[in-house]
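Q: Chains as they are written, first to last, in our numbering: chain A, 1 to 306; chain B, 1 to 252.
Every residue, glycine too, gets a C-beta built ideally from N, C-alpha and C.
For clarity, every value in this text was computed on a predicted model and none was experimentally measured.
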Amino acid sequence: MKPALAPSPTTPRFRETPAIARRHRQEVIARRLLGTTLILSLVPLFAILIYLVWQAAPVLSWGFLVESPRDGMRSGGLWPALLGTLYLVGASLAAATPVGVLAAVYLNEYARPGRFSRLVSLAVINLAGVPSIVHALFGLGAFVAFAGFGRSILAASLTLAVMSLPVIIASTTEALKSVPQSFREASWNLGATRWQTTRHIVLPNALPGIFTGIILMVSRTAGETAPVLFTGAVFYKSIAGGDLFAYSLLDQCMALSVHLFTVSTQVPNVSDALPYAIAVVLVATVLGVNALSIALRVYLRSRKNW
Amino acid sequence: MVDNILAISDLTLRYGDQTALNGISFEVPRFEIFSIIGPTQSGKSSLLRILNRTIDFNADARVSGSVLLDGEQVLTTPHVHDLRRKVGMVAPLPVGLPLSIYDNVAFAPRLAGVSKRADLDGLVESCLRQAALWDEVKDRLDQLGTRLSGGQQQRLTIARALSHTPDLLCLDEFSIAIDPVTTMRIEEVLRELKTKLTIILVTNLIQQARRLSDRTLFLWNGSIIEQGTTEAMFSDHPANSLTYDYIRGAFG
Numbered sequence: 001m002k003p004a005l006a007p008s009p010t011t012p013r014f015r016e017t018p019a020i021a022r023r024h025r026q027e028v029i030a031r032r033l034l035g036t037t038l039i040l041s042l043v044p045l046f047a048i049l050i051y052l053v054w055q056a057a058p059v060l061s062w063g064f065l066v067e068s069p070r071d072g073m074r075s076g077g078l079w080p081a082l083l084g085t086l087y088l089v090g091a092s093l094a095a096a097t098p099v100g101v102l103a104a105v106y107l108n109e110y111a112r113p114g115r116f117s118r119l120v121s122l123a124v125i126n127l128a129g130v131p132s133i134v135h136a137l138f139g140l141g142a143f144v145a146f147a148g149f150g151r152s153i154l155a156a157s158l159t160l161a162v163m164s165l166p167v168i169i170a171s172t173t174e175a176l177k178s179v180p181q182s183f184r185e186a187s188w189n190l191g192a193t194r195w196q197t198t199r200h201i202v203l204p205n206a207l208p209g210i211f212t213g214i215i216l217m218v219s220r221t222a223g224e225t226a227p228v229l230f231t232g233a234v235f236y237k238s239i240a241g242g243d244l245f246a247y248s249l250l251d252q253c254m255a256l257s258v259h260l261f262t263v264s265t266q267v268p269n270v271s272d273a274l275p276y277a278i279a280v281v282l283v284a285t286v287l288g289v290n291a292l293s294i295a296l297r298v299y300l301r302s303r304k305n306w
Numbered sequence: 001m002v003d004n005i006l007a008i009s010d011l012t013l014r015y016g017d018q019t020a021l022n023g024i025s026f027e028v029p030r031f032e033i034f035s036i037i038g039p040t041q042s043g044k045s046s047l048l049r050i051l052n053r054t055i056d057f058n059a060d061a062r063v064s065g066s067v068l069l070d071g072e073q074v075l076t077t078p079h080v081h082d083l084r085r086k087v088g089m090v091a092p093l094p095v096g097l098p099l100s101i102y103d104n105v106a107f108a109p110r111l112a113g114v115s116k117r118a119d120l121d122g123l124v125e126s127c128l129r130q131a132a133l134w135d136e137v138k139d140r141l142d143q144l145g146t147r148l149s150g151g152q153q154q155r156l157t158i159a160r161a162l163s164h165t166p167d168l169l170c171l172d173e174f175s176i177a178i179d180p181v182t183t184m185r186i187e188e189v190l191r192e193l194k195t196k197l198t199i200i201l202v203t204n205l206i207q208q209a210r211r212l213s214d215r216t217l218f219l220w221n222g223s224i225i226e227q228g229t230t231e232a233m234f235s236d237h238p239a240n241s242l243t244y245d246y247i248r249g250a251f252g
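1. To the nearest angstrom, how far is the alpha carbon of Arg151 (chain A) from that of Thr198 (chain A)?
2. Can you tell which of A:Val144, A:Ser182, A:Ala147, A:Leu60 has its C-alpha closest to the C-alpha of Pro92 (chain B)?
3. Compute the beta-carbon to beta-carbon distance between Ser45 (chain B) and Leu212 (chain B), rounded to the nearest angstrom, for a pair I have assumed lies under 8 Å.
4. Between the region 171-205 of chain A and chain B, which residues of the former have a C-beta closer than 9 Å to a C-beta of the latter?
5. Just to confirm, are Ser175 (chain B) and Gln208 (chain B) a CB contact at a threshold of 9 Å?
6. From the DSSP output, which residues share a beta bridge with Asn204 (chain B)?
7. Identify whether Glu174 (chain A) lies in helix, strand or coil by the three-state DSSP scheme.
8. If you count every other CB in all the chains shown that lies within 10 Å of the CB of Ala222 (chain A), and 16 or more means buried, which is it?
9. For Pro131 (chain A), name the three-state secondary structure that DSSP assigns.
10. Closer than 8 Å between beta carbons: that is the criterion. Which residues of the region 94-120 of chain A meet it against chain B?
11. Where does the unbroken alpha helix (DSSP H) through Asp135 (chain B) begin, and where does it stop?
12. In whole angstroms, what is the alpha-carbon distance linking Gln73 (chain B) and Ile50 (chain B)?
13. Along the alpha helix (DSSP H) that carries Gln171 (chain B), what are the first and last residues, could you check?
14. What residues from chain A crowd round Met184 (chain B), counting only those whose CB sits closer than 9 Å?
15. Terminal residues of the continuous beta strand (DSSP E) containing Val87 (chain B)?
16. Is there a Cβ from chain A that is less than 9 Å from the Cβ of Asn204 (chain B)?
17. For Leu165 (chain A), which residues of its own chain have a beta-carbon under 7 Å away from its beta-carbon, when the five flanking residues on both sides are left out?
18. Figure out for me which residue from A:Arg25, A:Pro80, A:Gly72, A:Pro44 has the closest Cα to the Cα of Asp243 (chain A).
19. Based on Cα-Cα distance, which residue from A:Ala111, A:Ile50, A:Gly148 lies nearest to Val283 (chain A)?
20. Consider the Cβ of Gly88 (chain B): report whether some Cβ of chain E lies at a distance smaller than 9 Å.
21. For Ile39 (chain A), count the other beta carbons within 10 Å of its own beta carbon; 16 or more makes it buried, fewer makes it exposed. Which is it?
22. Only counting the same chain, and skipping five residues up and downstream in sequence, which positions put a Cβ closer than 8 Å to that of Leu300 (chain A)?
23. At 4 residues or longer, and completely inside the region 175-236 of chain A: list those alpha helix (DSSP H) runs for me, N to C.
24. So is Thr165 (chain B) in contact with chain A if we call contact Cβ pairs under 9 Å?
25. What number of angstroms, rounded off, separates the C-alpha of Arg14 (chain B) from the C-alpha of Gly65 (chain B)?
26. Report yes or no: do three or more beta-carbon pairs, one from the region 258-269 of chain A and one from the region 65-74 of chain A, lie closer than 8 Å?
27. Would you kindly report the start and end of the unbroken alpha helix (DSSP H) that includes Asn290 (chain A)?
28. Buried or exposed for Val43 (chain A), please, with buried defined as at least 16 other CB atoms from any protein chain shown within 10 angstroms of its CB.
29. Please identify the residue among A:Gly90, A:Gly114, A:Val162, A:Leu78 whose C-alpha is closest to the C-alpha of Gly335 (chain A).
30. In or out: Arg215 (chain B) buried (at least 16 other Cβ within 10 Å) or exposed?
31. Considering only their Cβ atoms, is the gap separating Ile24 (chain B) from Asn223 (chain B) smaller than 9 Å?
32. Any beta carbon of chain A sitting closer than 9 Å to that of Val95 (chain B)?
33. For a test of the three-state rule: what should DSSP assign to Arg30 (chain B), helix, strand or coil?
34. Please decide whether Arg30 (chain B) counts as near chain A, where near means a Cβ-Cβ distance under 9 Å.
35. I'd like to confirm the pairing. Which residues does DSSP put opposite Glu226 (chain B) in its beta bridges?
36. Let me make sure I understand the geometry here. Which of A:Leu52, A:Asn126, A:Ile48, A:Leu160 has the alpha-carbon closest to that of Gly90 (chain A)?
Laid out in structure tokens, this is it:
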């Protein structure tokens with residue numbers, strides 16, 4: 001006779017108890033709920049993009065990009081505004097990047113941790129939260145009036161630079177912190193000075209993070225309206241279409257964000273498609289820069305050394 | 001008269017109001033292997049950090065006393081970077097710098113201004129040979145040092161520590177992350193290096209101290225319990241019964 005303890009072949013080994021059934025139901029609900037929120041967050045993005053391009057389609061063309069506006073902004077292209085935005089962003093980056101990155105290096109690699117450096121970090125974080133209109137007023141006072149640059153690309157891009165400094169400092173700090181402390185210690189043990197350690201070990205390995213922060217900053221400054229409106233952007237500026245060197249630093253310029261604002265609110269009898277076309281160019285510029293940042297990050301990550 | 005490379009007297013280290021080293025004094029004779037044993041938190045690693053002044057990077061640390069390395073005051077010398085080059089440091093977990101094998105070893109010589117490729121090539125080879133790593137990596141010197149196995153990386157850090165021709169080589173628990181076979185190879189390397197420099201070996205492996213060292217120091221709670229020749233320390237009658245108990249595994 002077989003032992004009575006052996007289970008008969010037909011007895012189910014894994015029985016679904018009420019508790020297990022309840023857990024299964026919760027699992028299904030959680031997955032569907034989370035999936036729905038993901039879709040909800042994607043819908044507006046694609047809706048905006050599709051709607052913009054669809055509305056703008058009649059106006060969009062290569063000529064729209066490289067020509068100057070005509071008929072009191074009602075037709076022609078937006079070259080002066082596109083070029084103005086490129087100048088503003090480029091000049092503000094040129095001013096903010098070295099200062100921001102080096103300041104972050106000082107804060108992280110040199111400053112003794114203590115009340116003072118904590119205070120500075122706190123100030124930097126809070127400065128990043130100051131509304132751009134406040135920076136606009138500061139730029140008007142400091143660069144346009146006090147420094148005597150007048151309303152110009154120089155004044156506007158310096159205002160944008162001041163605005164982006166805290167963000168660059170914060171993102172660079174994160175990038176520097178991601179380099180393991182043990183690398184620094186190994187380098188010090190070999191007799192390297194702080195600067196040699198920073199230059200040869202820390203900076204090369206923090207570079208992907210630093211670049212990412214800077215480029216994301218570009219996409220933010222490209223869209224800023226208030227600071228440039230106060231300090232250097234104008235309603236209309238006549239320059240040759242397609243000319244890359246049409247502005248000098250002390251000129252006033254047009255900017256995409258301001259152009260979009262004036263065309264949609266200040267100019268009567270504008271074709272419906274025109275504001276949308278400007279918006280498409282602005283969004284495409286920002287997304288293009290973001291794509292560049294992602295590509296750069298992927299490339300630098302693939303060369304990551306540890 | 002014994003030729004001492006290192007003479008420490010009344011060395012005290014405080015982190016804030018915590019005492020990590022409590023007025024310790026000892027000497028290390030040249031061309032010997034000197035073991036420091038003791039449980040964790042006994043101040044062994046802090047002691048090494050004082051020897052090359054990387055303790056300076058810890059803002060709470062307060063050091064007092066006297067540390068003479070080759071007759072020079074370690075605690076007050078203005079030439080900190082030169083001091084660090086006289087002391088080779090090998091950390092418990094191997095830290096390959098995120099550079100190629102070649103650049104890892106050439107890092108310190110380059111900082112010191114050696115730039116001729118031929119000079120560097122010779123230096124890199126001799127350091128890797130001394131660390132018993134050359135044969136394994138000679139065909140892939142441009143590979144990343146961080147991709148080596150744990151045991152190879154530890155030998156790489158030893159080669160790197162030798163690259164600035166130190167007089168004193170400090171190893172902090174070098175075998176903690178590597179297998180017994182590699183450990184034995186490195187121990188062999190250390191025995192050979194002993195003819196050229198002095199080695200301070202901080203270890204939790206009591207038998208390793210017994211195998212390798214000429215002298216042993218037993219540090220506990222920041223104080224020296226006993227020091228002497230390894231033979232005497234590991235005999236059946238060390239001067240202090242705590243030593244006997246620790247070595248026999250009664251505590252720690």
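A: The structure says:
1. If I take the Cα positions, the gap works out to 39 Å.
2. Of the listed residues, the one whose Cα sits closest to Pro92 (chain B) is A:Ser182.
3. Ser45 (chain B) to Leu212 (chain B), Cβ: 19 Å. No contact.
4. Going along the region 171-205 of chain A in chain order, one finds Val179, Pro180, Ser182, Phe183, Arg184, Glu185, Ala186, Ser187, Trp188, Asn189, Leu190, Gly191, Ala192, Thr193, Gln196, His200, Ile201, Pro204, Asn205 with a Cβ nearer than 9 Å to chain B.
5. Taking 9 Å as the Cβ cut-off, Ser175 (chain B) and Gln208 (chain B) qualify as a contacting pair.
6. Paired residue(s): none; Asn204 (chain B) is not in a bridge.
7. Under the three-state reduction of DSSP output, Glu174 (chain A) falls in the helix class.
8. By the neighbour-count definition (other C-beta atoms within 10 Å, threshold 16), Ala222 (chain A) is a buried residue.
9. If DSSP states are grouped into helix, strand and coil, Pro131 (chain A) belongs with coil.
10. Cβ contacts with chain B come from Arg112, Pro113, Gly114.
11. For Asp135 (chain B), the enclosing alpha helix (DSSP H) stretches over residues 134-137.
12. Their backbone Cα atoms lie some 12 Å apart in a straight line.
13. Here the sequence assigns Leu to residue 171 (chain B), which means Gln is not the residue at that position. Not the alpha helix (DSSP H): Leu171 (chain B) falls in the beta strand (DSSP E), residues 168-172.
14. By Cβ distance, chain A contributes nothing, its closest Cβ being about 25 Å from Met184 (chain B), past 9 Å.
15. 87-90 is the span of the beta strand (DSSP E), which, as asked, contains Val87 (chain B).
16. No - not a single Cβ of chain A is within 9 Å of the one on Asn204 (chain B).
17. Closer than 7 Å at the Cβ level, and outside the excluded window around Leu165 (chain A), lie Ala96, Val99, Gly100.
18. The option with the nearest alpha carbon to Asp243 (chain A) is A:Pro80.
19. The closest CA to that of Val283 (chain A), considering only A:Ala111, A:Ile50, A:Gly148, is found on A:Ile50.
20. Annotation note: the requested chain E is absent from the structure, which comprises protein chains A and B.
21. Burial state of Ile39 (chain A) is exposed, judged by a 10 Å Cβ sphere holding fewer than 16 other Cβ atoms.
22. Cβ within range, chain order: Leu207, Pro208, Phe211.
23. The alpha helix (DSSP H) runs lying completely inside the region 175-236 of chain A and spanning 4 residues or more are 181-189, 194-197, 203-223, 226-231, given in chain order.
24. Chain A, which has no Cβ nearer than 9 Å to the Cβ of Thr165 (chain B), makes this no.
25. In a straight line, the C-alpha of Arg14 (chain B) is about 12 Å away from that of Gly65 (chain B).
26. Result yes; three or more Cβ-Cβ pairs closer than 8 Å.
27. Residue range 273-302 is occupied by the alpha helix (DSSP H) that includes Asn290 (chain A).
28. In the assembly as shown, Val43 (chain A) is an exposed residue. Its beta-carbon has fewer than 16 other beta-carbons within 10 Å.
29. Since the displayed chain A opens at 1 and closes at 306, residue 335 (chain A) lies outside it and no answer follows.
30. So Arg215 (chain B) counts as buried.
31. Sequence inspection shows Ser at residue 223 (chain B); the Asn mentioned does not correspond to that position. Result yes, Cβ atoms of Ser223 (chain B) and Ile24 (chain B) sit closer than 9 Å.
32. Chain A places a beta carbon closer than 9 Å to that of Val95 (chain B), counting this residue as a contact.
33. Reduced to three states, the DSSP call for Arg30 (chain B) is coil.
34. With a threshold of 9 Å between beta carbons, Arg30 (chain B) makes no contact with chain A.
35. DSSP links Glu226 (chain B) through a beta bridge to B:Phe218.
36. The shortest C-alpha separation from Gly90 (chain A) is found at A:Leu160.
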